[in-house]
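Residue numbers (the UniProt record's numbering), protein chains in the order written: chain A, 1 to 352; chain B, 1 to 352. Cβ atoms here follow ideal geometry from the backbone N, Cα and C, with glycine treated the same way.
2 protein chains.
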Amino acid sequence: MFENKGNGKTSLSEFGEFALINYLTKDLKNYQKTTILGVGDDAAVLQSDSKKQTLVSTDMLVEGVHFNLTYMSLKHLGYKAVVVNLSDIYAMNGNAKQITVSLALSNRFLVEDLEEFYLGIRLAAETYGVDIVGGDTTSSSKGLIISVTAVGEVSPEKITLRKGASEGDLIVVTGDLGGAYLGFQVLERERQIFEVNPNNQPDLEPHTYLIERQIKPEARKDIPPLLEALGVVPTSMIDISDGLSSELLHICHASEMGCQLYEEKIPIDPQVLTTSESFNLHPVTICLNGGEDYELLFTIKQKDYPKIKGNPNLTVVGYITSKNEGANLVSRIGELIPLKAQGWDSFSGKEV
Amino acid sequence: MFENKGNGKTSLSEFGEFALINYLTKDLKNYQKTTILGVGDDAAVLQSDSKKQTLVSTDMLVEGVHFNLTYMSLKHLGYKAVVVNLSDIYAMNGNAKQITVSLALSNRFLVEDLEEFYLGIRLAAETYGVDIVGGDTTSSSKGLIISVTAVGEVSPEKITLRKGASEGDLIVVTGDLGGAYLGFQVLERERQIFEVNPNNQPDLEPHTYLIERQIKPEARKDIPPLLEALGVVPTSMIDISDGLSSELLHICHASEMGCQLYEEKIPIDPQVLTTSESFNLHPVTICLNGGEDYELLFTIKQKDYPKIKGNPNLTVVGYITSKNEGANLVSRIGELIPLKAQGWDSFSGKEV
């Protein structure tokens, strides 16, 4: 279908735009019954179901702002671009069904690069059972820009918004936190060492978990069905893309509530504890401000506590208070420290 | 909410990312009953309706590739970014309901620029009665990149795909063609004149229609209800974003058919006829290859001809043949000229 250059690589301009889209999306498998028509027409066609509501979520990822191809293969990037969107659907207590993937990329990328990127997209689609139903591929004057839109569904009685938490509700997080941010620090350190001495063999073995959390994050697709099996409908829910502090403040703000978050309760993997020390970073600070863990943060009624008690996926980290008590971290010594939103601000290039 | 600089302008970094999204999307009006929840949570929530299928369409627009801010205000750009997506929904014979708008933009843009862009987005939403339910706003290292996703619905028995045309079907276009491309040529000529002599006052009066077609295109929202009122379900449909030739070839290819397109039937506005002469361009060539008219191209059964006959919105331009007869233009002197896809290829920067 296309000619190889001497190096076995193919420039994008050797393809026409339509040929390229066709090439990248041929043989796409569909996993969802609701996908009536996927890529190839003016719009995708999805079957509605009167008992459910449709969820739509979209994210844009920009090279040099949200990702850096020094640390990450294009396959991992494709996988992550899908996962971060699906995470938003799961955060509504919904089930993700379809995605569209749009790309703008400069001519430094070759067709083989795009194939690798699509391998990641397809792997994520297969892993999460979502269908790739559309998109757009075009050129950019600089770098790679990815826009993914995810479509999902949820029963109206199970939907979880950011608002809905009320006084006394328990605050729960899934999995553990801080790994993704620390994984990034490890990769950055190794890059700097490599620049000084390219013969240095990095020993990434002790940091496998952290690096995987950074370069191949997973979304908590398992949580909505787990909650259903446990008979729990959270009163509010959000995914942790920007750090626990920022996300909890989103819930408090939307719900017009305050909170008490217990430092000692925050679930942290042992690798985060050991590695954070070598970076002179406090593991709790990393969890609060680090981001990219894509765990879920939700609140439940106190009466539902027995249903989740002891579940290894779920940790109670605090409770919701009235708004005028503020949003606070309770330190190990019982000190109240006001929570601050320290998510990443892509415009100012600083933590906010 | 934000401090003005001396010139009354505000840099993006003075806002946080969340504050900026909140600022741009506050007071959004919703026009659709199916919009349960719009901007502000992990995902938008749309009510499904069991009698309808959901349509999803997405487009990415890149500065310097798809648009040039020399010719176009940010308000017009915002309007156009929405319109080109809605056009895809109407091309499925559907009704557009919601959109998400994602942006990546460099720090050369100011908050006031973004406000102007959103004025256009909001005007389009109001004009077409669609709800802005989500999106993402982030920084880019260069230029402006826009990704819009439109969600619509259609009854399964009325949906029109690109495939579905069969031998003998009549080929119909809405409105007239060529204006948008010629409008671009006029704007480009005036820019060049201005560069040579900045005191020259351009006389755009004779080209008003052409320029409006280029900078403020409209999507044919009226056509699906018109077809319904006429009792016609097209056998295939597509919107004309890349030129009549390329779009007709899409229909022929998807339907595994050929076609005869009559040069003398192609609907052309008088301004296109007079202005094309001064550019030494053939008006039919402009219609075939020009693009960006956002009219609809569809095929109907011959038996439906009496229903559309004489309608000022609709022009029969040819008919569908078997595949082995090829896709041809029939010239005024009866010559058969094979149609070529001459849409714009963003990668090679040339017509394909």
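Which stretch, first to last residue, makes up the alpha helix (DSSP H) that contains ILE89/A? 74-90
Quick check on DSSP: helix, strand or coil for ASN95/B? strand
With a threshold of 6 Å on Cβ separation, who are the neighbours of GLU126/B within its own chain once the five nearest residues in sequence on each side are excluded? none
Short check: CB of LYS97/A to CB of GLU153/A, under 8 Å? yes
Please go through the same chain and pick out, in chain order, the residues whose beta-carbon is closer than 6 Å to the beta-carbon of GLN32/B, but skip the five residues on each side of it. LYS97, ASP131
When you compare the CB of MET60/B with every CB in chain A, is at least one pair closer than 8 Å? yes
Can you find a C-beta in chain A that's less than 8 Å from the C-beta of LYS5/B? Summary for LYS5/B: the model assigns pLDDT 43, below 50, so the residue's position carries little reliability, and this model does not support an answer.
Does the structure place the segment 53-62 of chain B close enough to the segment 77-94 of chain B that three or more beta carbon pairs sit under 8 Å? yes
Helix or strand or just coil, what does DSSP make of ILE159/B? coil
Who does PRO338/B pair with in a DSSP beta bridge? ASN328/B
Could you spell out the range, first to last residue, of the beta strand (DSSP E) harbouring ILE238/B? 236-239
For chain B, is any of its Cβ atoms less than 8 Å away from the one on THR54/A? yes
Report the neighbours of GLY64/B on chain A: residues whose CB is nearer than 8 Å to its CB, in chain order. SER141
Looking at the C-beta of GLY129/B, does it have a partner C-beta in chain A at a distance below 8 Å? no
Just the Cα atoms here: how many angstroms apart are TYR118/A and GLY175/A? 28 Å
Would you report the Cα separation of ASP293/B and PRO306/B, rounded to the nearest angstrom? 26 Å
Roughly how many angstroms separate the alpha carbons of ASP136/A and ALA81/B, rounded to a whole number? 14 Å
Can you tell me where the alpha helix (DSSP H) holding GLN185/A begins and where it ends? 179-196
Taking only three categories from DSSP, how would you classify ILE266/A? coil
For GLY258/A and SER322/A, believed in contact at Cβ under 8 Å, the rounded distance: 6 Å
According to DSSP, CYS259/B sits in a beta bridge with which residue or residues? ILE320/B, ALA327/B
Along the chain, where does the alpha helix (DSSP H) that runs through ALA124/B open and close? 111-128
7 Å Cβ cut-off: residues of chain B touching VAL151/A: VAL56
GLU63/A, buried or exposed, once every other Cβ within 10 Å from all chains shown has been counted against 16: buried
Given a cut-off of 8 Å on the beta-carbon distance, is the pair GLY231/B and GLY291/B in contact? no
Does the segment 202-213 of chain B come within contact of the segment 223-241 of chain B, defined as at least 3 CB pairs closer than 8 Å? no
Measure the C-alpha to C-alpha separation of ARG108/A and LEU187/A and round it to an integer number of angstroms. 24 Å
How would you list, in chain order, the residues of chain A whose beta-carbon sits under 8 Å from the beta-carbon of LEU46/B? GLN53, THR54, LEU55, VAL56
Name the DSSP beta bridge partners of PHE67/A, please? GLU63/A
Let me see if you follow: with CB-CB separation under 8 Å, is ALA81/A close to chain B or not? no
Pairwise C-alpha distance: ASP113/A and GLN214/A: 21 Å
Would you report the Cα separation of HIS253/B and GLN302/B, rounded to the nearest angstrom? 20 Å
What three-state label does DSSP hand SER141/A in the structure shown? coil
Starting from THR174/A and walking both ways along the beta strand (DSSP E), at which residues does that stretch end? 170-174
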